[in-house]
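Right, one structure below, let's go through it.
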Amino acid sequence: MAAVNEKSDAKSRQDFYDTKQKAVEYYNKNGVPSKMETVLNSMFYDNPEDVYGHLSNYFEKFAKTPLITKLKSSTALDSRGQSTVQTSVYCNIKNHQQCVSTVVSPSPVSHVLENAKIEEREAEETERKEDIQACLDLIQTELNNKLNGLDPCQQTDIDTLIYDFIAEKKRESDILKEEQKKESPEEEAQSPVVQSPSNKKNKPASPKKGKAASLVIVVPDEPREIFIPGTSAVCAISKAVCCGAARVQQVPLYQHIASLSPQQKQKTLSLPLPMVTILQAGRAATGKLKCIKEFMVIPKPGMPMKQAVEHIQGIYHHISKNLYVKGGVAAKFVNDIGALCPVLEKVEQGLDLVQEAITSLGLTPGEDFHIALNIAAHEMFDMEKGKYEVILGQLKSPDDMVDFWGDIISRYPSVIAIIDPLRKQEGPQWMKLCDRISTQCYILGDHVYHRPGLLKSEEITEYFKTSGVVYKLEHMNTITDLITCVQKMEECKNITVLTTSQGDTTDSFITDLSVGIGAKFLKLGAPCRGERIIKFNRLLQIEEELQDGGRLGCQGDHAFPKIDLPPPPVGEEENQATETPSPRKDSKKK
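If you count the sequence shown from 1, position 144 lands on 144 in full-length UniProt numbering, and the numbers rise without skipping.
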């Protein structure tokens, strides 16, 4: 019996010795003894108040990189009360799974006009619901599996992965549709010629002396890009991962985004100038004015954000108060973006309202505050008549619009930016307008450009130019695509404008994004409604943080590069030389 006990004790001692050897090997392999010795020696001299906090901070530097373990999605509501997607990213941090970010995506900008038929709105709503349901399914299944184990700080790799995944899904969908078309009876599709109704009731035209049949050939709008259900998952995940990366690195979101942007490597960061909607009109409005969708104000460069926000509120409330005095409570009701919607009969009426409000605060229009106009030309274009509806019942041709906007800008020098003054299809007239007003006003492109994922690879020709681009973060747009596109367009002398969505949420991501990529303007909507105010508050927070850290830069003065008319095509140039043998003048440098 004693021999058995002695043998058992010997085995226990051997097991204990083996365990000790394994422990020594384990700790030495991970460098624990040397690191422990270092921190204990230094801590005695540092004499921290929180000993264990000091140890925690020291060893945190040696922790493994947090990796994505799970994506989670659910439904949420936007500012319109519509369903949208909420996306959460989970990472394994210090042996524990933690939620590092949760973002609620705004509803994409509607492709249906505000005065569209109820059937069109219902069709879009059905399409949107299908997209949301597909997003929820993809994020929690296939995309969750693809991102599992990836570093959230690798933004470019993750953006490429999710973008390619959805692009492949779209290719498969297109192939399936083509096969279905081949199986079904082929139908010849005729593209109708859009012409002005010169003959009543479609009667055949009978030629008369002195009168020619009037035919207006109109270049139709480019067909909108068709997205498959679930496409919005690309933008949702890109944003959520970006927020998560900032969290695991314990840095402000705008600082993390700046580290992703090649043009933002400088020590200081500048806040964008808020482009704030005060009034809204357009085709869906009750007044006669149809040619301007939004009247916006912009503080001058260098004005502190706190002061700028106070003045913006003053301008907004001054107009709201005047509308209330003249028209009662209903006159100061606001729309989805918080803008006031008075009955406007002409352009000058809206501009005078805004300028009067600026002056009432003791400010000077054109010096302390400027005005920007969102024209949204594609919304006021009458496709049947081939003209723009400026005032109710008053139509103008593209050539007339060049003179119209040129006259407005010359009479109101406080207007320094216009968005989409014409359709992209009126390229020659667009360039004429640029040649006329580009030295005193930014001509910004929104609807005239494709999304960043496509625009980044497209050639920018001298036959269609802008002073800046308005970007949205939605659908298949990723953070990486946006940064790449901004860099490309800024090299082409285009300033950067970021804009919110109409179906926005109480998420301030776009504010940090605008600071991180160095945007010139941030189009926010009105200083009203919670989902808008949170962006203003975030701007104020960032300004204070940068100021305290000595990193606050300043926007430079407005510079308006001249956009010249493009040279005529080679064939036309030769014809002109043959017809008019006058010496050629040197063209202006661009």
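Here a beta-carbon is modelled for each residue, glycine too, at the ideal position from N, C-alpha and C.
What's the gap between the Cα of residue 24 and the Cα of residue 72? Looking up residue 24 in the sequence shown gives position 24. Looking up residue 72 in the sequence shown gives position 72. Computed Cα separation, rounded: 41 Å.
Taking the C-alpha atoms as reference points, what is the distance between residue 379 and residue 140? For the purposes of this step, residue 379 is identified with residue 379 of the sequence shown, where counting begins at 1. For the purposes of this step, residue 140 is identified with residue 140 of the sequence shown, where counting begins at 1. Taking the straight line joining both Cα atoms gives about 38 Å.
Cβ distance (whole Å) where residue 592 is taken to contact residue 279 below 8 Å: The requested residue 592 is not part of the displayed model; the chain covers only 1 to 590.
Local conformation of residue 77 per DSSP, three classes: Along the sequence shown, read from residue 1 onward, the residue named residue 77 stands at position 77. Three-state result, residue 77: strand.
Determine whether the beta carbon atoms of residue 234 and residue 383 lie at a separation below 8 Å. Position 234 of the sequence shown, counted from the start, is the residue given in the question as residue 234. Position 383 of the sequence shown, counted from the start, is the residue given in the question as residue 383. No, these two residues do not count as a Cβ contact at 8 Å.
What are the residues that DSSP puts in a beta bridge with residue 499? To locate residue 499, count along the sequence shown from 1; it is residue 499. The partner list for residue 499 (beta bridge, DSSP) reads 523.
Indicate the three-state DSSP secondary structure (helix, strand or coil) for residue 232 in the structure shown. The sequence position of residue 232 within the sequence shown is 232, counting from 1. In this structure, residue 232 counts as coil in the three-state DSSP scheme.
Can you check whether the CB of residue 413 is closer than 8 Å to the CB of residue 362? Stepping through the sequence shown from its first residue, residue 362 is reached at position 362. Stepping through the sequence shown from its first residue, residue 413 is reached at position 413. Contact: no.
Just to confirm my understanding: we take residue 240, look at its own chain, exclude 5 residues before and 5 after, and list those with CB closer than 6 Å. What are they? As a working note, residue 240 is residue 240 in the sequence shown. The answer, listed in chain order, is 87, 89, 101, 103.
Close beta carbons around residue 446, own chain, < 7 Å, minus the five adjacent residues each side: On the sequence shown, position 446 is the one that residue 446 refers to. If we look at residue 446 and ignore the five residues flanking it on each side, its Cβ neighbours are 419, 420, 470.
Residue 12 by DSSP, collapsed to three states: which one? Here residue 12 corresponds to residue number 12 of the sequence shown, with the count starting at 1. It is helical.
Reducing DSSP to helix, strand and coil, say where residue 299 ends up. The residue labelled residue 299 in the question sits at position 299 within the sequence shown. Strand, per DSSP.
Which partner residues does residue 382 have in the DSSP bridge list? Numbered from 1 along the sequence shown, position 382 holds the residue referred to as residue 382. Checking the DSSP bridge columns, you'll see residue 382 partnered with 387.
Distance CB(residue 460)-CB(residue 485) smaller than 8 Å: Your numbering for residue 460 matches position 460 in the sequence shown. Your numbering for residue 485 matches position 485 in the sequence shown. No. Outside cutoff.
My understanding is that residue 392 touches residue 288, with C-beta atoms under 8 Å, so please give their C-beta distance in whole angstroms. For the purposes of this step, residue 392 is taken as residue 392 along the sequence shown, with counting starting at 1. For the purposes of this step, residue 288 is taken as residue 288 along the sequence shown, with counting starting at 1. At roughly 4 Å, the Cβ-Cβ gap stays under 8 Å, so residue 392 and residue 288 are in contact.
Using the Cβ count rule (16 or more neighbours within 10 Å means buried), how would you classify residue 159? Working through the sequence shown from its first residue, we reach residue 159 at position 159. Label assigned to residue 159: buried.
Rank 331, 97, 59, 128 by C-alpha distance to the C-alpha of residue 37 and give the top, closest one. In the sequence shown, residue 37 corresponds to position 37, counting from 1. With distances taken between Cα atoms, residue 37 lies closest to 59.
Helix or strand or just coil, what does DSSP make of residue 412? As a first step, residue 412 is located in the sequence shown; it is residue number 412 there, counting from the start. Looking at residue 412 - three-state DSSP - the assignment turns out to be coil, as it is neither helix nor strand.
Once you ignore the five residues that flank residue 527 on each side, which residues in its own chain have a CB closer than 8 Å to its CB? Taking the first residue of the sequence shown as 1, we reach residue 527 at position 527. Excluding residues within five positions, the ones whose Cβ falls inside 8 Å are 276, 309, 312, 313, 316, 338, 533, 536.
Neighbourhood of residue 212 by C-beta, 7 Å cutoff - its chain only, sequence neighbours within 5 removed: Counting from one through the sequence shown, the residue named residue 212 turns up at place 212. Its pLDDT being 47, under 50, residue 212 is placed unreliably in this model, and the value from its coordinates should be taken loosely. For residue 212, where only same-chain residues beyond five positions count, there are no Cβ hits under 7 Å.
May I have the straight-line CA-CA distance separating residue 40 from residue 50, to the nearest angstrom? Taking the sequence shown and counting its residues from 1, one reaches residue 40 at position 40. Taking the sequence shown and counting its residues from 1, one reaches residue 50 at position 50. Whole-angstrom Cα-Cα distance: 14 Å.
Inter-residue Cα distance where the pair is residue 238 and residue 376: If you number the sequence shown from 1, residue 238 lands on position 238. If you number the sequence shown from 1, residue 376 lands on position 376. Spanning the two alpha carbons is a distance of roughly 28 Å.
Would you tell me roughly how many angstroms separate the C-alpha atoms of residue 123 and residue 111, rounded to the nearest one? Indexing the sequence shown from 1 puts residue 123 at position 123. Indexing the sequence shown from 1 puts residue 111 at position 111. So the alpha carbons of these two residues sit roughly 11 Å apart.
Could you check which residue in 133, 167, 511 has the C-alpha nearest to that of residue 76? The residue you call residue 76 lines up with position 76 of the sequence shown. Among 133, 167, 511, the Cα nearest to that of residue 76 is on 133.
Assign residue 584 to one of three DSSP states: helix, strand, or coil. For the purposes of this step, residue 584 is identified with residue 584 of the sequence shown, where counting begins at 1. Residue confidence for residue 584 is low, a pLDDT of 39 falling below 50, so the modelled location carries little weight; the figure read from the coordinates is stated next. In the structure shown, residue 584 sits in coil (DSSP, three-state: anything other than H, G, I, E or B).
List the whole-angstrom C-beta distance separating residue 563 from residue 467, where the pair is believed to meet the contact cut-off of C-beta under 8 Å. Position 563 of the sequence shown, counting from 1, holds the residue named residue 563. Position 467 of the sequence shown, counting from 1, holds the residue named residue 467. Going by Cβ atoms, the distance from residue 563 to residue 467 rounds to 7 Å, so yes, they are a contact pair.
Let's test the definition: count the other Cβ atoms within 10 Å of the Cβ of residue 544 and tell me whether it reaches 16, buried, or not, exposed. Stepping through the sequence shown from its first residue, residue 544 is reached at position 544. The residue in question, residue 544, is exposed, as its Cβ has fewer than 16 Cβ neighbours within 10 Å.
Following the continuous alpha helix (DSSP H) through residue 145, name the residue where it begins and the one where it ends. Start at 1 with the first residue of the sequence shown, and residue 145 comes out as number 145. DSSP places residue 145 in the uninterrupted alpha helix (DSSP H) bounded by 142-147.
Can you give me the start and stop residues for the alpha helix (DSSP H) that residue 257 sits inside? As a position in the sequence shown, residue 257 is number 257, starting the count at 1. That run of the alpha helix (DSSP H) goes 253-260.
Report back the beta-carbon spacing between residue 318 and residue 357 to the nearest angstrom; my notes put them in contact at under 8 Å. Position 318 of the sequence shown holds residue 318. Position 357 of the sequence shown holds residue 357. Residue 318 to residue 357, Cβ: 4 Å. Contact.
Check this for me: beta carbons of residue 354 and residue 295, under 8 Å apart or not? If you number the sequence shown from 1, residue 354 lands on position 354. If you number the sequence shown from 1, residue 295 lands on position 295. It is a contact, given that the beta carbons lie within the stated cut-off.
Quick check on the burial criterion: 16 or more other C-beta atoms within 10 angstroms. Buried or exposed for residue 84? Taking the sequence shown and counting its residues from 1, one reaches residue 84 at position 84. So residue 84 ends up on the buried side.
Would residue 328 pass as a contact of residue 281 if the rule is Cβ separation under 8 Å? Taking the sequence shown and counting its residues from 1, one reaches residue 328 at position 328. Taking the sequence shown and counting its residues from 1, one reaches residue 281 at position 281. Contact: no.
Hey, residue 94 and residue 63: beta-carbon distance below 8 Å or not? Within the sequence shown, the letter at position 94 stands for residue 94. Within the sequence shown, the letter at position 63 stands for residue 63. Going by C-beta atoms, residue 94 is nearer than 8 Å to residue 63.
With a threshold of 6 Å on Cβ separation, who are the neighbours of residue 425 within its own chain once the five nearest residues in sequence on each side are excluded? Within the sequence shown, the letter at position 425 stands for residue 425. Cβ neighbours of residue 425 beyond the five flanking positions: 219.
Where residue 180 sits in the DSSP three-state scheme: As a position in the sequence shown, residue 180 is number 180, starting the count at 1. Here residue 180 sits in helix by DSSP.
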